[in-house]
Structure formats: C-alpha cells, structure tokens
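Engineer: Sequence positions in the sequence shown follow the numbering used here and run 595 to 823. The C-beta atom is built at its ideal place from N, Cα and C for all residues, glycine as well. In this text, all values refer to a predicted model and were calculated from it rather than measured experimentally.
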Amino acid sequence: MLFFVLFSSKHANMLPCLQLNNYITPMYPIQLAVLFLNILAFILTDSSNVVIDKRTCHKQIKVTSEGRGLCLSSEDRCIPNDPLRFDQLYCALGSVAIQSGQHYWEVDVHCCPSWAVGMAYGSLQRRGRDKGAKLGRNRCSWSLEFQDGHLAAWHNDRHVALPVTAARAAPNRVGVFVKYQKGRLFSAVQTAVFDRAHHQFTEPLYPAFRFFSSKDKGHHHMEICNLSL
Numbered sequence: 595m596l597f598f599v600l601f602s603s604k605h606a607n608m609l610p611c612l613q614l615n616n617y618i619t620p621m622y623p624i625q626l627a628v629l630f631l632n633i634l635a636f637i638l639t640d641s642s643n644v645v646i647d648k649r650t651c652h653k654q655i656k657v658t659s660e661g662r663g664l665c666l667s668s669e670d671r672c673i674p675n676d677p678l679r680f681d682q683l684y685c686a687l688g689s690v691a692i693q694s695g696q697h698y699w700e701v702d703v704h705c706c707p708s709w710a711v712g713m714a715y716g717s718l719q720r721r722g723r724d725k726g727a728k729l730g731r732n733r734c735s736w737s738l739e740f741q742d743g744h745l746a747a748w749h750n751d752r753h754v755a756l757p758v759t760a761a762r763a764a765p766n767r768v769g770v771f772v773k774y775q776k777g778r779l780f781s782a783v784q785t786a787v788f789d790r791a792h793h794q795f796t797e798p799l800y801p802a803f804r805f806f807s808s809k810d811k812g813h814h815h816m817e818i819c820n821l822s823l
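(1) Would the stretch 802 to 809 count as touching the stretch 661 to 675 if we require 3 or more Cβ pairs under 8 Å?
(2) For Ile741, write down the residues that DSSP places opposite it in a beta bridge.
(3) Report buried or exposed for Asn732, applying the criterion of at least 16 other Cβ atoms within 10 angstroms of its Cβ.
(4) Can you tell me which of the three DSSP states Lys648 falls into?
(5) I'd like to confirm the pairing. Which residues does DSSP put opposite Ile753 in its beta bridges?
(6) Say whether the stretch 676 to 683 touches the stretch 698 to 712, bearing in mind that this needs 3 or more beta-carbon pairs closer than 8 Å, one atom from each stretch.
(7) Under 6 Å Cβ to Cβ from Gln682, same chain only, skipping five residues before and after it: list those, please.
(8) Quick one: grab the DSSP three-state call for Phe803.
(9) Report all residues from its chain with a CB closer than 6 Å to the CB of Arg671; omit the five preceding and five following residues, and keep chain order.
(10) So is Phe740 buried or exposed if we call it buried at 16+ other beta carbons inside 10 Å?
(11) Evaluate Ile818 with the Cβ neighbour count: other Cβ atoms within 10 Å of its Cβ, from every protein chain shown; 16 or more gives buried, anything less gives exposed.
(12) With H, G and I counted as helix, E and B as strand and the rest as coil, what does DSSP make of Glu586?
(13) Pull up the DSSP beta-bridge partners for His815, would you.
(14) For Gly769, which three-state DSSP category applies?
(15) Does Ser694 come out as helix, strand or coil in the three-state DSSP assignment?
(16) Three-state secondary structure (DSSP) at Ala782?
(17) What's the gap between the Cα of Tyr698 and the Cα of Asp647?
(18) With H, G and I counted as helix, E and B as strand and the rest as coil, what does DSSP make of Glu700?
Here you go:
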C-alpha cells in the first residue's frame, strides 16, 4: 500500500521523505520521477472507481457527488440501522472489495481539518469506540491520519509520524496505491510500521475514511477525485 501526500506548501524545496529505521532520507526529484511514472501507468489504465457504501456510513455522514463525496454534519440523519454501519465513529467504507490486482485512487482532503484515509478488511469492527473499530489501531486496517496538525501512518496500533511544519502546510490530497497480491505494505513516506507489516492479505480490502470530530473548526468534507482523462 502506497500513500502519496500533496501539500499546499509554496516552498518547492520541501520534498517528501523516506523514513526507515528511525532516520529520514530526502526523496529527491529523480526518485519521485521514477515512482510517479510507475504509478501513472496504472492511473492511465486502471484507476479505481471508488464509491462510498452508504450502508457503512455513520449517521452524521452524508454521501454526495454520486457516491464520491463525504460530508460530516453535527446531527444524525434519520436512516435505518444497519449491521454494516459504524455506530460511534465517523467512519465509512468503499462499496467494492479489492481482492486482486493493483488499484489507485486519490482523496481531496483540503476541506477537512482532520481525517484518516486508508484501507480496511470487511471484518473491521463497526460497533463502539475502542481500538477494534478505529482505522489503523488494529490488524484489520491501515491508514494515513492528519489530526491536530500531526500527520502519521498507522497499523495495528503502531505509528510513524511525518513532521508537518509551517513551511509544509496541511495536505491537500492523498493518493492510495494498493498492490494486493504482493502483500507488502509501505507508504510514500515509507515507514518502519508498514515496512515490517509485509504479509499476504487474508481478506478483501475496502477503501476506508474517517472524520474525527464535527466540533473541529472548518468544513468537514472529503471527495474521491475523478482521475479519468
């Protein structure tokens, strides 16, 4: 799994970093060029058409843009209970399972003050607020999370942080690349967490999304980007 993070920074010298075994190495343009050319090949041929499964959405999440947008409101919507629905956490999953092949999509997060984007097994807990239901806090999910000005990659309740400075402002967009058969998890800010989590996926994966609080200042909206050319 690969996460791409696009920052709103005006400072061109602030480059993504490759973090391995507690030290950080800059990821220079030539490395980025090779990386993005490989990903571009998949975008041009098979970018995934991710749509939100309304049955999984917390009652305060409204699905917009023909299933590609998520808005968090301050009040519950009058909708029926569903065993697939998250009842306490502001989460939602995609509607189509990933069981093979390579997939890529992007999520616009610039209108959201705090968020988590990633992948989860369908067996992820939907009830309660404990770690079993939180993205990245269990063996069933992986996420890139931005909260309180901090950006971090999470899996199985372990995380590696990426510093967000004044020069490198909050992320605008997150790209997710999944290579199912290879079974190795890594990120564009390659972390010891994901690097050590290489194993075969044992269940179908679903795109996963989380808002943290409707009380945060700002507009709470995430949008799955249209990458068709």
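Structural biologist: Inspection of the coordinates gives the following:
(1) yes
(2) Before going further, note that residue 741 is Gln rather than Ile in the sequence given. Looking at the DSSP assignment, Gln741 forms a beta bridge with His744.
(3) buried
(4) helix
(5) Looking at the sequence itself, residue 753 is His, so the reference to Ile does not match. His753 is bridged to Trp748.
(6) no
(7) Its chain contains Gly722, Arg723 as the residues whose beta carbon lies nearer than 6 Å to that of Gln682, once the 5 sequence neighbours on both sides are disregarded; these appear in chain order.
(8) strand
(9) Lys653
(10) buried
(11) buried
(12) Lying outside 595 to 823, the shown extent of the chain, residue 586 is not represented and no answer is given.
(13) Cys665
(14) strand
(15) Here Ser694 sits in coil by DSSP.
(16) Since pLDDT at Ala782 reaches only 42, below the 50 mark, its modelled position is unreliable, and the value read off the structure follows with that caveat. Coil.
(17) 18 Å
(18) strand
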